[in-house]
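Note sheet for the following structure.
Shown next as C-alpha cells:
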C-alpha cells in the first residue's frame with residue numbers, strides 16, 4: 357500500500373469509527389430517563405402551563 | 009380466526025401503543041434498518057469511483073450537512089406526533105398526510121423486491137458450500153443468469169416460476185410475517201437483538217479473512233488512494249449526498265415510524281448520532297472487506313483492481329462467487345458474505361414493512377396481529393407472484409431504479425420543502441428535539457434542513473430526471489420502463505392522494521386518548537429556548 361493510501365485509511369478509520377466512539381460516549385454520559393415522573397404530575401394536576 | 013370486520017371482535021379492541029423497551033433496542037433496530045444491502049454492495053464502489061480516499065471529505069460533509077439533519081427531521085416528526093407516517097404528518101398538518109401515504113406505497117414497492125434479493129443471498133450461502141456455479145462453463149455469471157434465475161431473453165412480465173427462488177422467498181416471507189406479527193418489542197426488537205450482533209460478528213470475521221488474502225493490499229490501496237481532482241467534480245459531491253441519503257434510510261417513513269415508538273424523554277439527537285456513525289462505521293468495514301477480496305480476485309486473474317471492481321448484483325452474485333471458488337476457505341467466505349447480506353437485508357425489510365403495518369394499524373385501529381396479517385400477506389403474495397419468475401430480474405431492476413429516484417428522492421424533496429418553507433415547522437421541531445436531547449440544535453439545523461436539504465435533493469432529482477429521459481433505463485423497451493418505472497412512480501403519487509382522502513373512522517387512532525395525554529405532557533415540558541452547545 358502506498359503511504360498516502362495508508363494515511364487516508366487511518367484518517368477514515370479515525371473519523372468514522374472515532375465518531376461512533378464519541379457518539380457512544382456522549383450517549384453513555386446521558387443515561388436514559390424514565391417517562392413516568394413528569395407525566396403523572398402534569399396529567400394529575402391538569403396543569404399544562406408548566 | 010375472527011373476522012377483521014367484526015365490530016366488537018379482537019381486531020378492533022384498542023391496544024396501548026408499544027414503545028421500545030430500551031434506548032439500546034431502538035438504536036439496534038434503527039441501525040438494523042439503516043445497515044442494508046447498500047452498505048455492503050454499494051458504498052465500496054461509490055467511494056472507489058468517486059475519489060477513493062478523497063471521497064471521505066464529501067462523504068463526511070454529506071453526513072453532517074444532510075444525512076444527520078434529515079434523520080433528526082424524521083425523528084422529530086415521528087416522536088412529536090407519535091404515529092405512523094400518515095398519522096404523524098396528518099397530526100402535524102392535515103394536508104401533509106398524503107406524504108405519509110406516499111412513503112407507505114414506496115415501502116410497499118421496495119418490500120416486494122427486497123425479499124427476492126434476500127432469498128437469492130440465502131441460496132448463495134448454500135451454493136458457497138457446493139460451489140454450484142463451477143458446473144457452468146461461463147462461470148458465476150452464466151450460472152446466475154442462466155441456471156439460477158433462468159432469465160428470459162424477453163424483457164416482459166411472465167409467470168414462468170423458478171422453484172429454486174420461489175421456495176426461499178416463501179421462507180423469507182414466513183420468517184418476516186412471524187417477526188412482524190410479534191410486534192415492536194417481541195418481534196422487531198428481538199429480531200434486531202439477534203440478527204445485528206450476528207451480522208457484525210460474521211462481517212468482522214469476513215473482513216479479517218479477506219485482508220489476509222494474497223493481493224488484498226492492492227485492493228485496499230485502490231480503495232484508499234485519494235484522487236483529489238475528483239473533488240472538483242460536482243457529480244462526486246452529488247454521489248456522496250445521494251449515497252448518504254439512501255444509506256441512512258431517511259425520508260422513507262421508517263425513522264418516523266421507529267421514533268414514534270421511542271419513550272417521551274428519549275435523547276433523540278444523541279441516539280441519532282450513534283445510528284448515523286454506526287451505519288457509516290459498517291460501510292467503512294464493508295469497503296475494506298470488499299476491496300480486499302476484489303484485490304485478491306484481481307491478483308488471481310493477473311489483472312488490475314479497476315478491471316474487477318463492481319457493485320450491486322454484479323459484485324454479490326458474480327464477483328463474490330468467483331472469489332469463493334478461488335480463495336482458501338472460500339466456502340466460509342461465501343457463507344459469511346451471503347449470510348451477512350441475508351441478515352442485513354432482513355433487518356431492513358422488517359423496518360420497511362413496519363411503515364406499512366403501522367400505517368394500517370393506525371388507520372384501522374386494529375390490534376397488531378390482524379393488522380399485520382391484512383397488510384403483510386397481500387404484500388407477500390404480490391412479491392411471490394412477480395419476482396420468483398424468469399422476468400423477475402428485469403422488474404426488480406426497473407422498479408428499484410425508479411422507486412429510489414422518483415419515489416424516495418422526490419418525496420424527500422417535497423417533505424423538506426413542506427415542513428421547512430411550506431409549514432414553517434422547523435423551529436417547533438427543533439424545540440421538540442432539544443427537550444430531552446444531549447446535543448442541542450439551533451439555527452444551523454434549520455438552515456441545513458430548510459436550505460441545504462432542498463437544494464441538494466433538488467439537484468439530484470433534476471440530474472436523475474435528465475438521465476432517465478435521455479436514455480432508456482438499462483436498454484429495456486420503452487413500454488416496460490414506462491409501465492414499471494415511470495408509471496409505477498406516478499401510480500404511487502395517485503395512490504397516496506386517494507388514500508389520503510379515505511376518512512379516518514372512529515375506531516382509528518386519529519382520536520387517540522393516549523396521544524392527547526402525550527401531547528399535553530410534551531407541551532408541559534417544552535423549554536423556552538435551546539440551551540447548551542448548538543449543532
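Residue numbers (our numbering), protein chains in the order written: chain U, 357 to 406; chain P, 9 to 543.
Quick reminder that beta carbons are idealized off the backbone N, C-alpha and C, glycines included.
Any Cβ of chain P closer than 8 Å to the Cβ of residue 359 of chain U would place that residue at the interface, and such an atom is absent. With a beta-carbon spacing of about 6 Å, residue 68 of chain P and residue 371 of chain U fall inside the 8 Å limit used to define contacts. Just so you know, the alpha carbons of residue 485 of chain P and residue 491 of chain P end up roughly 10 Å apart. Excluding residues up to 5 positions away in sequence, 173, 177, 391, 395, 396, 400, 404 lie with their Cβ nearer than 8 Å to the Cβ of residue 124 of chain P in the same chain.
Residues of the region 373-384 of chain U whose Cβ lies closer than 7 Å to any Cβ of chain P, in chain order: 373, 375, 376, 379, 380, 382, 383. At a C-beta separation below 7 Å, residue 271 of chain P has these neighbours in chain U: 391. Taking a Cβ-Cβ cut-off of 8 Å, the neighbours of residue 447 of chain P in chain U comprise 382, given in sequence order. For residue 27 of chain P, no alpha helix (DSSP H) encloses it, and the DSSP letter there is neither H nor E. In this structure, residue 218 of chain P lies away from residue 31 of chain P, with their beta-carbon atoms at least 8 Å apart. Residue 288 of chain P reaches chain U at 372, counting residues in chain order whose Cβ is nearer than 7 Å. When the beta-carbon positions are compared, residue 362 of chain P and residue 196 of chain P come within less than 8 Å of each other. The alpha-carbon separation between residue 44 of chain P and residue 261 of chain P amounts to approximately 16 Å. A distance below 8 Å between beta-carbons, with the five flanking residues on each side excluded, links residue 387 of chain P to the following residues of its chain, in chain order: 116, 119, 120, 361, 364. Secondary structure of residue 448 of chain P (DSSP, three-state): strand. Where residue 490 of chain P is concerned, there is no enclosing alpha helix (DSSP H), because DSSP gives it neither an H nor an E. Against chain U, the CB of residue 275 of chain P has a partner CB under 8 Å away; the residue lies at that interface. Its chain contains 254 as the residues whose beta carbon lies nearer than 8 Å to that of residue 412 of chain P, once the 5 sequence neighbours on both sides are disregarded; these appear in chain order. Against chain U, a Cβ distance below 7 Å from residue 279 of chain P picks out 383. For residue 234 of chain P, the chain U residues whose Cβ falls inside 7 Å of its Cβ are 360, 364, in order along the chain.
Under the three-state reduction of DSSP, residue 232 of chain P is assigned to helix. The residue from P:461, P:156, P:463, P:436 with its alpha-carbon nearest to that of residue 450 of chain P is P:436. Rounded to whole angstroms, the separation of the alpha carbons of residue 77 of chain P and residue 429 of chain P is 16 Å.
Bridge partners of residue 169 of chain P according to DSSP: P:397. Segment contact: the region 357-367 of chain U against the region 274-288 of chain P, fewer than three CB-CB distances shorter than 8 Å; contact not assigned. The three-state reading of DSSP puts residue 269 of chain P in coil, since its state is none of H, G, I, E or B. The Cβ of residue 257 of chain P sits no closer than 8 Å to any Cβ of chain U. Counting only Cβ-Cβ distances below 9 Å, residue 197 of chain P has no contacts in chain U at all, with the closest Cβ about 15 Å away.
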